[in-house]
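Under our numbering, think of the first position of the first sequence as 98, with each following residue one higher. A virtual CB, placed ideally from N, CA and C, is assigned to each residue, including glycine. Take a look at the structure set out below.
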Amino acid sequence: MSYQFREIEAKWQRYWAENQTFKAANESDKRKFYVLDMFPYPSGAGLHVGHPLGYIASDIYARYKRHKGYNVLHPMGYDSFGLPAEQYAIQTGQHPAITTEANINRYREQLDQLGFSYDWSREVRTSNPGYYKWTQWIFIQLFNSWYNNRADKAEPIEKLISIFEAEGNKMVEASCDEDTPLFSATEWEAFDHRRQQEVLLKYRLTYLADTEVNWCPALGTVLANDEIVNGVSERGGHPVVRKKMTQWSMRITAYSQRLLEGLDRIDWPQPLKDAQTNWIGRSEGASMIFYTKPGQQNATQYPIEVFTTRPDTIFGASFMTLAPEHELVSKLTSEKQREEVEAYVEYTSKRSERDRLSDVKTITGAFTGAYAIHPFTGEDIPIWIGDYVLAGYGTGAVMSVPCGDQRDYDFARKFGIPIPNIFKGVDISEEAFADKVNTVLANSDFIDGMNYSDACRAVIDAVEKKELGKGKVNYRLRDAVFSRQRYWGEPFPVYYVDGMPQMISEEHLPLHLPEVEKYLPTETGDPPLGNASVWAWCTKTNNVVEISKIDQETIFPLELNTMPGWAGSSQYFNRYMDPSNDNAIFSEQAIDYWQDVDLYIGGIEHATGHLLYSRFWQKFMYDRGWVPKDEYAKKLINQGMILGTSAFIYREEGSGKIISSGLVGDKKVSPIHADVSLVNASDELDIKAFKASRPEFSTADFVLEDGKYIVGREVEKMSKSKFNVVNPDAICEEYGADSLRLYEMFLGPLEQAKPWNTAGISGVYGFLKKLWKLYHGGPEGVFMISDEPATSEALKTLHKTIKKVEEDINQFSFNTSVSTFMICVNELSAQKCNQRDVLEPLAVLISPYAPHIAEELWQLLGNNSSVSTEPFPEFKEEYLVERSKAYPISFNGKMRFTLELPLDMGKEEIEKAVLEHEKTRKQLQGRTPKKVIVVPGRIVNIVG
RNA sequence: GCUCGAGUGGUGGAAUUGGUAGACACGUUGGACUUAAAAUCCAAUGGACAGUAAUGUCCGUGCGGGUUCAAGUCCCGCCUCGAGUACCA
């Protein structure tokens, strides 16, 4: 019997589903292990061979942990809200729920085909009301919380209210809006209800604010910073403009420091940690106040707050620069300069983000005509505006130290501002000196001769004494805008009374997404939900209450925005623990047992999106006591992308001839993608099939070499538009899921990007056939094994393999363990091994990688149960002990020969044996060695 | 510019973390079986040189230095590619 993978795979996939083999219980005496994949967005294109890479790796690990006796939670679900389904709906009128459902079914089929050990009873879909009920619930909890900086945690808003009632807000240290006014307890009591709500909104962890947002007119929605790449939208590449809008925001900045510190406690890849660290962008320095000098037409002294990381260079400040958008600009500008300044502000506001980015080298600015007073020297410092200072970072104003900062230096050069030197022994005639480490200060009054850190401390002390500033830590991280003007997302559980937001009471959750006629914004510019005439929400008892949003007398207006993509993915890992619970996001018992994720596998592209936001929500959940861990994933692995190998044909410019790649030479050609499925292993294009699939080329003239059209090759991202997509269904059909699983692992290190090459799969396919044969040594390939004890040689091969494979799994080196299996089977075949005591453990050993064939072999061996619950074979050192070993020997690092010596020889005996060795004597040529170096089990060196 | 990561045969990649570089696989070449093909099996496969041969010698992990009996691996200085990020004060 030959290896019939199609029947075997279908049979065991059915078996696993029918027997619920991988269902995990929330109660168990076993130790828990939680293996998580990033759940996919079910796109219409289905899976290509790149998608399952991480899923295969996590499945191997989950199966391995089951063999090791753990109760393993390995769930899967769908991040099913998202833009593509909505855009498809806009074009076709098809409800996004319908396309999403169809896509999910297709995904499920493809996933099932690969033999994953998911507990499908725990599936979640972010677009299911039963799921988004809890997304809405978390939103309400965030709304009802504030961040107490003194306790360094989030607390219920009621506590803040009782503080306000008792003593006002003067002593409160909280993360709140900048413009929060100070008030006493009596003033608080005197505020009317609306005013109190306005104030509280400045403290809540999710709040409404007029935010300058990234508005994408083409998509009709707001984008988060991480949804913009190079100034255009990540999806579609549409232009993005800045615009002020009232939006929900998440006060993630309250957690800046904890998000940073938490990284030290989790085993995540360094590049990912670096990306988050940079994104949070902590910088230490000082905030200082420069007062303006009273001018002739301007008697007021305005304070200008600046942030600097170099307070030590304060005596080098020869001007100040404000962002053109800075609120003081118009107040400060002198009459004489007004025309110039206004023209400049006008000019910068017209420059788009893109222009500014692509043109950073052009230095522009204008003098306001006003001066500030240096806090120490009392000298006049001219105040300029320039667009190299960003309104959104720090205070939007800087003290400019041209000798210590290249941007200030260039600006000073351009406008002829003096560049005083405050560095000892440094030449600044060509460029600024920005080296903190080698700084020794001069011409700097009380900090003369000091180094960077001493001077910083001295200056901060001095400004604090003068009450002109303080040491400050600044973060680049901004609060996250949480509103999207879209249909296909979670509705906010919010309605408005007198323009103030109110939460829908929890027992009315979920607030269902209403039906709409069309998915575009309304004529009045409201988000798509504005098209809904009827909203409904279910009470706990499932009484459906229908409420017309238009009928203002019975109900107040509802929030028409929906939540962004990352809302549904920020707590899904906890929801898997108890996914059908309707009374709580998860039971205490479930979270108590599962605690957190032990292994999380997914792409690094979520570094500053999902992976940051989910950490933020987890910390919030932790603060409020709902989860036991403030970091939810102990270990994370970023699998590398599998790239496509695109095929190109070359059209000559002018003639339009299609030239074979070997004949292109110096000719002017434009490369055109050809479908990789039409190209064979030796890069030859099937011209007939190509012409049939692309009518525009049906009459094209193909110039061949040796009668063949040879395509050019290039490695690119796998995508439909590049015609380089390889479909896993086709691979499974031809070689089977076990081959695909093994091959994806065999391609290279899990974390590395690597190109797909279908040709190579024959290697692992051949391996599986050899494995099969090992168990089928009977006449005409009938299953036959021996109950005789195995040879010591075969046992050695087996235990070598157990040891290596277990080491590999624990280091996630799945590629080398596939090689190890191949070596193992090659050796056992050569040894003609067919003994049960080797072949039985081997079936268990390979089952995480190739589960279908392992189950089949396990059954043939006479077992009734699934191999997946068998204990992992135990490695025994004794089978590996060798009688002797060949030692490589070098002499003076040059000559090398090998010497076979017993393993249990001591150091001195080895030395003696080496010297007695005839060849050694010859090579030493009568000289006496100085020393003999022995590294047991490895190598012997002789130093002459 | 800054921050990470990586450079090893024709190709994907191994190398027990300082100890015989190129495991394993693809591809290629030759052979066996076959009317033929597929499938399968066997052999060779980094380069150069010497030898009828077994075999031996030298050179080889992006480049240039260094440490060491011994370097793909450690140190210093470059080059190239990839990823992230960017007037962040």
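Same chain only: Cβ atoms within 7 Å of residue i, ignoring 5 sequence neighbours per side
i, result
"Leu298", "Tyr304, Leu305"
"Ala142", "Lys817"
"Asn241", "Pro253, Ile254"
According to DSSP, residues forming a beta bridge with residue i
i, result
"Asn735", "Gly699"
"Ser883", "Gln932"
"Trp481", "Thr418, Phe464"
"Ala251", "Tyr244"
Residue i and residue j closer than 8 Å at C-beta
i, j, result
"Trp312", "Val337", "yes"
"Gly317", "Pro607", "no"
"Trp853", "Val902", "no"
"Phe473", "Ile411", "yes"
"Val1049", "Glu952", "Because the chain is modelled from 98 through 1041, residue 1049 falls outside the range shown and cannot be assessed."
"Gln736", "Glu848", "yes"
"Thr350", "Gly665", "no"
"Ala94", "His471", "Since the first and last residues shown for the chain are 98 and 1041, residue 94 lies out of range."
"Ile698", "Gly151", "yes"
"Gly179", "Phe136", "no"
"Lys973", "Val922", "no"
"Val694", "Leu133", "yes"
"Pro948", "Gly212", "yes"
"Phe119", "Gly833", "no"
"Gly475", "Lys433", "no"
"Trp955", "Tyr100", "no"
"Leu865", "Asp835", "yes"
"Phe745", "Ala786", "no"
"Lys129", "Trp691", "yes"
"Val935", "Leu977", "no"
Under the three-state DSSP convention, the category residue i falls into
i, result
"Lys404", "The amino acid occupying residue 404 in the given sequence is Phe; Lys does not appear at that position. Strand."
"Gly189", "Here residue 189 is Thr; the residue named in the question, Gly, does not match the sequence. The answer is helix: DSSP assigns Thr189 an H, G or I state."
"Trp285", "helix"
"Ile153", "helix"
"Met342", "strand"
"Asn245", "strand"
"Phe530", "coil"
"Arg163", "helix"
"Glu848", "coil"
"Asp905", "helix"
"Tyr204", "helix"
"Pro181", "helix"
"Asp720", "helix"
"Val486", "coil"
"Glu650", "Annotation note: pLDDT 48 at Glu650 (below 50); position unreliable, coordinate value reported separately. In this structure, Glu650 counts as coil in the three-state DSSP scheme."
"Gly466", "strand"
"Gln117", "coil"
"Trp312", "strand"
"Tyr593", "strand"
"Ser711", "helix"
"Ile858", "helix"
8 Å contact criterion, which residue i and residue j should meet: CB distance rounded
i, j, result
"Val269", "Ile258", "Not really, about 11 Å apart at Cβ, beyond 8 Å."
"Gly88", "Ala797", "As shown, the chain starts at 98 and ends at 1041. That puts residue 88 outside it, with no answer to give."
"Arg581", "Pro661", "5 Å"
"Asn202", "Ser140", "Rounded, the Cβ-Cβ distance is 13 Å, inconsistent with contact."
"Tyr592", "Pro625", "Their Cβ separation, rounded to whole angstroms, is 18 Å, which puts Tyr592 and Pro625 out of contact at 8 Å."
Same chain only: Cβ atoms within 6 Å of residue i, ignoring 5 sequence neighbours per side
i, result
"Val523", "Phe530"
"Lys732", "Asp364, Leu696"
"Thr418", "Trp481, Gly483, Val486, Val495, Ser497"
"Tyr138", "Asp176, Gly179"
"Glu750", "Lys765"
"Gly1034", "The pLDDT assigned to Gly1034 is 47, lower than 50, so where the model puts this residue is not dependable, and the model offers no usable value."
Spatial neighbours of residue i in its chain, beta-carbon cut-off 8 Å, leaving aside the 5 residues before and after
i, result
"Gln110", "Asp209, Gln210, Gly212, His949"
"Arg672", "Val221, Tyr228, Trp231, Ile682, Phe683"
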